[in-house]
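Colleague: Using my numbering, the first residue of the sequence shown is number 1, and each one after it goes up by one.
Cβ coordinates follow ideal geometry from the N, Cα and C atoms, glycine included.
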Amino acid sequence: MAIIKPFQGLRYNQEIVKDMASVVTPPYDVISPQEQERYYQIHQNNIIRLDFGKDVPGDTEKTNKYTRAAGFLADWKKQGILKQEDGPAIYIYDQEYTHGGRRLVRRGFISLVKLEPFDKGYIYPHEQTLPGPKADRLKLTQSCQANLSSIFALFPDENNEVDKYLAAIVAAKPEVDFVDDTGVKNRLWIIKEKQSVEKLVALMKEKPLFIADGHHRYETSLAYRDQMRRENGALGDDVPLDYVMMVCVSMNNPGLVILPAHRLVRNIKDFSSDRILKSLKEYFHVDLIGKGCRVDDFMPKLNDGRGDHVFVMYTGQEDAYYRLQLSDEKLLDVVFAHDHPEWKHLDAGILHSAIIHKILGIHSTDVTIKEYVKYVKEETEAVSLVKSGQYQLAFFMRPTRIEQVREIAMMRKVMPPKSTYFYPKLITGIVINSLN
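#1: Report yes or no: do three or more beta-carbon pairs, one from the segment 328 to 338 and one from the segment 408 to 422, lie closer than 8 Å?
#2: Using only alpha-carbon positions, find the residue among A394, E318 and V386 that is nearest to I355.
#3: Over the uninterrupted alpha helix (DSSP H) stretch that includes S149, give me the two end residues.
#4: When DSSP labels each residue in this structure, what does A89 get in the three-state scheme?
#5: Going by DSSP, what residue range makes up the alpha helix (DSSP H) through M228?
#6: Quick check on E193: does DSSP put it in helix, strand or coil?
#7: Whose C-alpha, out of Y224, K281, M20 and S279, is nearest the C-alpha of E175?
#8: Is T141 helix, strand or coil by DSSP?
#9: Going by CA-CA distance only, name the one from A320, A168 and D333 that's closest to P341.
#10: Is the Cβ-Cβ distance between I81 and N13 less than 9 Å?
#11: Once DSSP output is grouped into helix, strand and coil, what is the label at L288?
#12: Quick check: the Cα distance between N253 and R106, rounded to an integer number of angstroms?
#13: Which term fits P424, buried or exposed, when burial requires 16 or more other beta carbons within 10 angstroms of its beta carbon?
#14: My guess is that L476 and T67 are in contact by the Cβ rule of under 8 Å, so how many angstroms apart are they, rounded?
#15: For the beta strand (DSSP E) holding R398, just list the boundary residues, first then last.
#16: Curious, which full-length beta strand (DSSP E) runs of at least 3 residues does the segment 42 to 101 contain?
#17: L148 to R275, Cα distance in whole Å?
#18: What residues match up with G108 in a beta bridge as DSSP calls it?
#19: How would you label N436, buried or exposed, when you count the other beta carbons within 10 angstroms and need 16 or more for buried?
#20: With distances taken between CB atoms, is the gap from F422 to L256 smaller than 9 Å?
#21: Out of curiosity, what's the CA-to-CA distance linking N186 and A167?
#22: Under a Cβ-count criterion, where at least 16 other Cβ atoms within 10 Å of its own Cβ denotes burial, should N45 be classed as buried or exposed?
#23: Please report the distance separating the alpha-carbon of P125 from that of L259.
#24: For H352, does the three-state DSSP call read helix, strand or coil?
#25: Can you round the beta-carbon distance between V312 and F396 to whole angstroms, since I take them to be within the 8 Å contact cut?
#26: By alpha-carbon positions, which one of V170, T129, T141 and S143 ends up nearest to Y93?
#27: Using a 10 Å radius around the Cβ and a threshold of 16 neighbouring Cβ atoms, would you call I438 buried or exposed?
#28: Need the endpoints of the beta strand (DSSP E) that L324 sits in, please.
#29: So, are the CB atoms of K5 and L73 less than 9 Å apart?
#30: Three-state secondary structure (DSSP) at R294?
#31: Identify whether I4 lies in helix, strand or coil by the three-state DSSP scheme.
#32: State buried or exposed for E231, treating a residue as buried only when at least 16 other CB atoms are found within 10 Å of its CB.
#33: Could you tell me whether the segment 426 to 434 touches the segment 35 to 45, using the rule of 3 or more Cβ pairs below 8 Å?
#34: DSSP three-state call for M411: helix, strand or coil?
#35: Please list the terminal residues of the continuous beta strand (DSSP E) segment that includes T380.
#36: Considering only residues of the same chain and omitting the five flanking positions on each side of F284, which have a CB-CB separation below 7 Å?
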């Protein structure tokens, strides 16, 4: 099963960096250009300069955002801004946040995990990857020779053995404790005691891992490992580049929340609300919720207990909201006869294949192209972007269930893009793993 081990992480020296919230960021792939600039301005040692640097006019093959990141990393280590742990450790990581009016805590631990290819072994993906982000992350890894951010992985823990053990070994006071700029409280405990580490390793020994976030970075780590082994010959059987840094969280953890990523669609050929509604009625029961609705008016229609595979569609042309409910699953047999049959029972799969592809005419291979589809977490933002005319339709959906993630992953299949939005996002900059 998955092989985990402790490591000597690089961390911000809190004697120099007094305010941790000023030097950390969310994952690079959810940061807008405006937010990127803001993180640059907040603190001169913000992790943004390493993990998501800016392109500058005059950049070349030899001088660019990747080489600058390596330079910053080297300088910060030399100046003591980043300090390496004095011994191997596993890091217990809490994120405390509010969701649905409740205060929740998602607890996991950060360790190294031995890399395995996705087609065999016990590490499972659930999401498609794209060549562009992988090429970007590979250049960054080659330049910095480090994992600058953690991959987020889930493991089955039906008896909550791991969570109980983590609770037993955390001290009263964490070594790192701060509230980030989204209001999430982040806490980190550093576990170096050999017996404690060995017991955690033993508890994880029989468990598979399911990647929640970080598929591109995981594949990048595999590519980097293979490249370095080709270029350097015999490196031994257990070297740093054989591992990648992960945050591992139990699938049963009470703080594990999946949010939906709603879909906005534009550039629909021959767009006509009447034509689209007529086509939708071949597959769905279509009911007008109302016009000019508030979020509190239309979102409850997704969870009103009246069946599965329910969506809400908003058309800005009429300022109208419609409830769509699949009328008969057998109607999907033709849709999924040759294209991702494993998606037939997934809301995201039905939305992509039956609605966006078949009815709206946007091919399933184009849904990752920003000219066609945008993925949005906030309902008010989605409505605003359609009202403004930037998008023609919005589709609101229920979150994917964790059991569905596990089922698809175990089949070694992948879900449609952005089928899951694990909240809150992990923080980049808590711990760095050096690969040299």
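Modeller: Reading it off the structure:
#1: No, they do not touch.
#2: Within the sequence shown, residue 355 is the residue found at index 355, counting from 1. Residue A394 is the option with its Cα nearest to I355.
#3: Residue numbering aside, residue 149 sits at position 149 when the sequence shown is read from its first letter. For S149, there is no enclosing alpha helix (DSSP H), as DSSP gives it neither H nor E.
#4: Mapped onto the sequence shown, residue 89 falls at position 89. It is a strand residue.
#5: To locate residue 228, count along the sequence shown from 1; it is residue 228. Residues H215 to N232.
#6: Counting from 1 along the sequence shown, the entry for residue 193 is found at position 193. Note: E193 maps to coil in three-state DSSP.
#7: On the sequence shown, residue 175 is found 175 positions in, with the first residue counted as 1. The shortest C-alpha separation from E175 is found at M20.
#8: As a first step, residue 141 must be located in the sequence shown, where it is residue number 141. T141 falls in the helix class under three-state DSSP.
#9: Along the sequence shown, read from residue 1 onward, the residue named residue 341 stands at position 341. Checking every option, the nearest Cα to that of P341 belongs to D333.
#10: Mapped onto the sequence shown, residue 81 falls at position 81. Mapped onto the sequence shown, residue 13 falls at position 13. Taking 9 Å as the Cβ cut-off, I81 and N13 qualify as a contacting pair.
#11: If you number the sequence shown from 1, residue 288 lands on position 288. Secondary structure of L288 (DSSP, three-state): strand.
#12: Sequence index remark: in the sequence shown, residue 253 carries index 253 (1-based). Sequence index remark: in the sequence shown, residue 106 carries index 106 (1-based). Computed Cα separation, rounded: 7 Å.
#13: As a first step, residue 424 is located in the sequence shown; it is residue number 424 there, counting from the start. Counting the other CB atoms within 10 Å of its CB gives P424 a total of 16 or more, which places it among the buried residues.
#14: Residue 476 is absent from the model: the chain starts at 1 and stops at 436.
#15: Position 398 of the sequence shown, counted from the first residue, corresponds to residue 398. Counting along the chain, R398 falls outside any beta strand (DSSP E), and DSSP gives it neither H nor E.
#16: Assignment of beta strand (DSSP E) within the segment 42 to 101, counting only whole runs of 3 or more residues, yields 82 to 84 and 90 to 99 in chain order.
#17: Position 148 of the sequence shown, counting from 1, holds the residue named residue 148. Position 275 of the sequence shown, counting from 1, holds the residue named residue 275. So the two alpha carbons sit approximately 49 Å from each other.
#18: Numbered from its first residue, the sequence shown carries residue 108 at position 108. Within the DSSP bridge table, the entry for G108 names Y93 and V249 as partners.
#19: In the sequence shown, residue 436 corresponds to position 436, counting from 1. Looking at its Cβ environment, which holds fewer than 16 other Cβ atoms inside 10 Å, N436 is exposed.
#20: As a position in the sequence shown, residue 422 is number 422, starting the count at 1. As a position in the sequence shown, residue 256 is number 256, starting the count at 1. Yes. Within cutoff.
#21: Position 186 of the sequence shown, counted from the first residue, corresponds to residue 186. Position 167 of the sequence shown, counted from the first residue, corresponds to residue 167. Each residue's alpha carbon lies about 16 Å from the other.
#22: Taking the first residue of the sequence shown as position 1, residue 45 is located at position 45. Buried, because 16 or more other Cβ atoms sit within 10 Å of the Cβ of N45.
#23: For the purposes of this step, residue 125 is taken as the residue at position 125 of the sequence shown. For the purposes of this step, residue 259 is taken as the residue at position 259 of the sequence shown. Going from the Cα of P125 to the Cα of L259 covers about 18 Å.
#24: The residue you call residue 352 lines up with position 352 of the sequence shown. In the three-state scheme derived from DSSP, where H, G and I count as helix and E and B as strand, H352 is classed as helix.
#25: On the sequence shown, position 312 is the one that residue 312 refers to. On the sequence shown, position 396 is the one that residue 396 refers to. Indeed, because the Cβ distance is near 4 Å, the residues count as touching under 8 Å.
#26: The count along the sequence shown starts at 1 and reaches residue 93 at position 93. The shortest Cα separation from Y93 among V170, T129, T141 and S143 belongs to V170.
#27: Outside the shown range of the chain (1 to 436) lies residue 438, about which nothing can therefore be said.
#28: Position 324 of the sequence shown, counted from the first residue, corresponds to residue 324. Unbroken beta strand (DSSP E) run through L324: A320 to L326.
#29: Along the sequence shown, one-based indexing puts residue 5 at 5. Along the sequence shown, one-based indexing puts residue 73 at 73. Annotated as distal: K5 and L73, with beta-carbon spacing of 9 Å or more.
#30: Here residue 294 is taken as the residue at index 294 of the sequence shown, counted from 1. Assigned with DSSP and collapsed to three states, R294 falls in coil, not helix or strand.
#31: Along the sequence shown, one-based indexing puts residue 4 at 4. I4: strand per DSSP, three-state reduction.
#32: Here residue 231 is taken as the residue at index 231 of the sequence shown, counted from 1. Exposed, because fewer than 16 other Cβ atoms sit within 10 Å of the Cβ of E231.
#33: Between the segment 426 to 434 and the segment 35 to 45 there are fewer than three inter-stretch CB-CB distances shorter than 8 Å, so the stretches are not counted as touching.
#34: Position 411 of the sequence shown, counted from the first residue, corresponds to residue 411. Looking at M411 - three-state DSSP - the assignment turns out to be coil, as it is neither helix nor strand.
#35: Here residue 380 is taken as the residue at index 380 of the sequence shown, counted from 1. Careful: T380 lies outside any beta strand (DSSP E), inside the alpha helix (DSSP H) at E379 to K387.
#36: Within the sequence shown, the letter at position 284 stands for residue 284. Cβ-Cβ distances below 7 Å link F284 to L324, Q325, L326 and S327 in the same chain, with the five nearest sequence neighbours on each side left out; the list follows chain order.
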